[in-house]
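First to last, the protein sequences are chains A and B. Using this note's numbering, count along the first sequence one by one with no gaps and you end on 502. Using this note's numbering, count along the second sequence one by one with no gaps and you end on 278. Note that CB positions come from ideal geometry on N, CA and C, so glycine has one too.
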Amino acid sequence: MIKQRFRSNAGPALVMIGPVVLWLAFFVAIPLIYVLVMSFCGIDKNYNVIFRFTMGNYRRMFDIDYVEIYGQSILIAFFSTVICLVLGYPFSFLIARTFRSKKTILYMMVIIPFWTNSLIRLYGWRTFLGTNGLLNKLLLTLHITSEPIQFLFNRSATILGMAYVLFPFMVLPLYTAIEKLDQAQLEASADLGAHFRSTFLHIMLPQTASGIFSGCIMVFIPCLGYFFVSDILGGGNADVIGNLIQRQFQSGNNWPLGAALSIILIVITLLLVKLYQKCGGDMQSLGV
Amino acid sequence: MCRQTKEKCAHNAGAVYCGLIYAFLFLPIVVIVINSFNATNTKPYLTWKGFTLDWYGKLFQNSALLDSFQNTIFIAVTSTLLSTFIGTLAAVGMYKYKFRGKNIIDGLLYIPVVIPEIVLGISLLTLFTNTNIPRGLLSLVLAHTTFCIPFVIFNIRARLDGYDKSIEEAFMDLGANRLTTFLRITLPVLAPGIGGGALLAFTLSIDDVIVSYFTNGLTMTFPLKVMESIKSGVSPDVNALSTLILLATMVIVILTQSNLLKNLRKVLKRQS
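Structural data, given as C-alpha cells:
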C-alpha cells in the first residue's frame, strides 16, 4: 500500500521538481564547476583557454597590486556595511515602531527609489557631488569653501554609493526583526527603571541580532562585486574585486585568471554564510 | 523636563531623522527629475538653464534608447513568466513530496541569492560561449530566469508555511483529480505568494546590470544603455525616460496600495 502510494506520487513529483533541477544543474551547477576547473587552466597566445593544470592563476593572485585591491574591497565593504547599519537601525526602529500607524507607506518609500535604475541614481549622485555640482555651488555661495571640493573619484564616494545602493537590503531584515519585538517587554524594562541603553543592550540587541547579521551579509557581499559603483563614483581610484574580474572577462581576456578571482569571491561568501549560520542565522531570511 | 515633553521631543527628533534618511534616498532622483526638464544642452548638464519639455519629445526620436527599453521590458516579462512557472511548480513539489537530494536543490537555490552577481554573470558567460548559445535576447532571458527562480520559490515557500494540506486531501477524496485540485485549491491559496514572487522577479530583472553586462552580446538593455552613456555624460532624454519610469511605478504603487483596487475586486467578485 505504502509502496503503491509512493509510486503514484513519483510522476507528479517529477513533473514539478524536474524543471527546476534541470535548470539549476545546467545554469548554476555546471557553469560554476566549469569556472572552478578553468581557474586551474592557462591561456595560449590568442587568449584561448587551454586545459593544462596550472596553479599560475592562484600564484598571480598574490601579486601586491591585487592584494592591495582585496584590502581596499574589504575596507569599502566594511565601511559601507557599518554606515548602512548605523543609519538603518534607528531608522528601521522609527518606521516599524514609533511611526507604526504609517509603517506601510514609510516602508514603501524606502523601496520606491529602487525602481529607478540604480546606475542613473548613482549618476544623480555624481551630478550632485561634482565640482560643478549643486553641493559645491552651495558651499561656495555660503563661503564655506573658496575652491570647489573634489568629492568624487575616491574611496569615500564609492563607499557612499555602495551604502546608498544597498541600504534597503539592510533595512529589510532589520525592519522585520524590529517589528517582531515584544512591545510589552520593552515597556516593562522601561517601567522597571532601566535606562534606554540597557533596554537596548539586553532586550533589543539580542532579539534583533539575526536581522543585523542577515542585513550585514546582504550589504557586505555585494559590495565586493559591484564594479559599476566604483566605476561611476570611484573613477578607477577605488576598485573592488568585481572590477578585477570584470577586466579579465572584458579587455584583459585572461578568463582563467578572472575565474580564479571569482573563486576567491565564492570562498569569502561561503565563509561569511557559514559564520552566519554558526551564529544562528536563518538561511530563509537571506534574500527575501 | 516632564516626561511628556521629553517624549514629544524624542518623537520630533525621530521625524527629523527619518526625513533626513528619505532625503538621502530621494536626492539623486530629484536631481534626475529636475535635469529632465533642464533646458541646457552643454554637457555635463549641471546648471539650470530654464524649463523645457524638449527632452521628452527627443526621447521618442531616440530609437536606440527606446529599443533598449523595449528589450528590457521583453526580457523582464518573459523571465518573470518563466521563473514564476518553474518556481511555483518547484515550491509546491518540494513542499508536498519527500525525496532524496532535497538538500542539494536547496543548496543550489541559495547560490544565486548569496554569491555576488558578478560570479553568476561570468559563469553564465562561459556557459553560453561554450555551448554556442547565441548571446542576445535568448541568453538574457535564460540568465535572468536563473537568478529569479530562487526568489520566486522563497516567496511562495513563506506562504506555504501556514498551508493546510488536508483541504487538498478532502478535495481529492471527493473525487477531484490531481490537476483540478492543483488549479482549484493549491493555486488560489498560493496566489499572493506567487504574485509577490513574480513582482520581485520583474523588479530584479528590470534593474539588473551585472548579469546582463556579461550575457548581452550586442543586445542592449536599458540599464546597459545607461551604463554606456554615463561615460560620455548621460543625455537628458535618459533622464526623461527615467522620470517616466518612476512616474509609472509610483502610479502602480498608489493603485495597489489604495483601496481602489480592493473595491474593484469586490465589485468584480459580486458580478461573477
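Residue-chain proximity (residue i, chain A), Cβ-Cβ < 7 Å
{"i": "residue 261 (chain B)", "result": "no"}
{"i": "residue 120 (chain B)", "result": "yes"}
{"i": "residue 213 (chain B)", "result": "yes"}
{"i": "residue 85 (chain B)", "result": "no"}
{"i": "residue 95 (chain B)", "result": "yes"}
{"i": "residue 210 (chain B)", "result": "no"}
{"i": "residue 178 (chain B)", "result": "no"}
{"i": "residue 248 (chain B)", "result": "yes"}
{"i": "residue 12 (chain B)", "result": "no"}
{"i": "residue 194 (chain B)", "result": "no"}
{"i": "residue 81 (chain B)", "result": "no"}
{"i": "residue 184 (chain B)", "result": "yes"}
{"i": "residue 221 (chain B)", "result": "no"}
{"i": "residue 31 (chain B)", "result": "yes"}
{"i": "residue 140 (chain B)", "result": "no"}
{"i": "residue 40 (chain B)", "result": "no"}
{"i": "residue 227 (chain B)", "result": "no"}
{"i": "residue 34 (chain B)", "result": "yes"}
Candidates the options: closest to residue i by CA position
{"i": "residue 249 (chain A)", "options": "B:127, B:177 and B:221", "result": "B:127"}
{"i": "residue 254 (chain A)", "options": "A:328, A:264 and A:419", "result": "A:264"}
{"i": "residue 56 (chain B)", "options": "B:251, B:40, B:68 and B:138", "result": "B:40"}
{"i": "residue 251 (chain B)", "options": "A:373, A:330 and A:393", "result": "A:330"}
{"i": "residue 25 (chain B)", "options": "A:308, A:231 and A:244", "result": "A:308"}
{"i": "residue 275 (chain A)", "options": "A:485, A:489, A:496 and A:470", "result": "A:470"}
{"i": "residue 437 (chain A)", "options": "A:414, A:410 and A:384", "result": "A:384"}
{"i": "residue 382 (chain A)", "options": "A:328, A:334 and A:363", "result": "A:328"}
{"i": "residue 260 (chain B)", "options": "A:326, A:246 and A:251", "result": "A:326"}
{"i": "residue 213 (chain B)", "options": "B:77, B:10 and B:246", "result": "B:77"}
{"i": "residue 481 (chain A)", "options": "B:17, B:254 and B:120", "result": "B:120"}
{"i": "residue 71 (chain B)", "options": "B:98, B:100, B:246 and B:90", "result": "B:246"}
{"i": "residue 392 (chain A)", "options": "A:305, A:447 and A:334", "result": "A:305"}
Chain B within 7 Å of residue i, Cβ atoms only
{"i": "residue 278 (chain A)", "result": "no"}
{"i": "residue 365 (chain A)", "result": "no"}
{"i": "residue 380 (chain A)", "result": "no"}
{"i": "residue 435 (chain A)", "result": "yes"}
{"i": "residue 220 (chain A)", "result": "Residue confidence for residue 220 (chain A) is low, a pLDDT of 47 falling below 50, so the modelled location carries little weight and cannot support an answer."}
{"i": "residue 227 (chain A)", "result": "yes"}
{"i": "residue 476 (chain A)", "result": "yes"}
{"i": "residue 468 (chain A)", "result": "no"}
{"i": "residue 383 (chain A)", "result": "no"}
{"i": "residue 400 (chain A)", "result": "no"}
{"i": "residue 388 (chain A)", "result": "no"}
{"i": "residue 502 (chain A)", "result": "For residue 502 (chain A), the predicted model reports a pLDDT of 48, less than 50, meaning its position is unreliable and no value from the coordinates is stated."}
{"i": "residue 250 (chain A)", "result": "no"}
{"i": "residue 275 (chain A)", "result": "no"}
{"i": "residue 217 (chain A)", "result": "Its pLDDT being 44, under 50, residue 217 (chain A) is placed unreliably by the model, and the measurement read from it follows with that caveat. No, no contact with chain B."}
Three-way DSSP call (helix, strand, coil) for residue i in this model
{"i": "residue 119 (chain B)", "result": "helix"}
{"i": "residue 361 (chain A)", "result": "coil"}
{"i": "residue 241 (chain B)", "result": "coil"}
{"i": "residue 305 (chain A)", "result": "helix"}
{"i": "residue 397 (chain A)", "result": "helix"}
{"i": "residue 350 (chain A)", "result": "helix"}
{"i": "residue 407 (chain A)", "result": "coil"}
{"i": "residue 104 (chain B)", "result": "coil"}
{"i": "residue 502 (chain A)", "result": "Its pLDDT being 48, under 50, residue 502 (chain A) is placed unreliably in this model, and the value from its coordinates should be taken loosely. Three-state DSSP puts residue 502 (chain A) in coil, outside helix and strand."}
{"i": "residue 200 (chain B)", "result": "helix"}
{"i": "residue 280 (chain A)", "result": "helix"}
{"i": "residue 367 (chain A)", "result": "coil"}
{"i": "residue 494 (chain A)", "result": "coil"}
{"i": "residue 384 (chain A)", "result": "helix"}
{"i": "residue 182 (chain B)", "result": "coil"}
{"i": "residue 462 (chain A)", "result": "helix"}
{"i": "residue 452 (chain A)", "result": "coil"}
{"i": "residue 224 (chain B)", "result": "coil"}
{"i": "residue 330 (chain A)", "result": "coil"}
{"i": "residue 344 (chain A)", "result": "coil"}
Residues that residue i bridges to, as DSSP identifies them
{"i": "residue 264 (chain A)", "result": "A:256"}
{"i": "residue 44 (chain B)", "result": "B:57"}
Checklist entry - With contact counted as at least three CB pairs below 8 Å, one residue from each stretch, are the segment 424-431 of chain A and the segment 359-372 of chain A in contact? => result no
Item to check | the segment 14-25 of chain B touching the segment 311-324 of chain A, judged by at least three CB pairs closer than 8 Å | outcome: yes
Checklist entry - Can we say the segment 452-459 of chain A touches the segment 285-300 of chain A, given the rule of at least three CB pairs closer than 8 Å? => result yes
Next on the checklist: Quick check: the segment 291-309 of chain A against the segment 224-243 of chain B, are at least 3 beta-carbon pairs closer than 8 Å?
Outcome noted: no
Next on the checklist: For the structure I just gave you, are there three or more beta carbon pairs, one from the segment 155-164 of chain B and one from the segment 190-209 of chain B, closer than 8 Å?
Outcome noted: yes
Next on the checklist: I'd like to know if the segment 117-133 of chain B and the segment 235-243 of chain A are in contact, where contact means that at least 3 CB-CB pairs between them fall below 8 Å.
Outcome noted: yes
Checklist entry - If we count Cβ pairs, one from each stretch, closer than 8 Å, do we get three or more for the segment 181-200 of chain B versus the segment 238-247 of chain B? => result no
Item to check | Contact between the segment 438-448 of chain A and the segment 409-429 of chain A (3+ Cβ pairs under 8 Å) | outcome: no
Next on the checklist: Assess contact between the segment 25-36 of chain B and the segment 208-225 of chain B, defined as three or more Cβ pairs (one per stretch) separated by less than 8 Å. Is contact present?
Outcome noted: no
Checklist entry - Taking contact to mean at least 3 C-beta pairs separated by less than 8 Å, is the segment 144-151 of chain B in contact with the segment 163-182 of chain B? => result no
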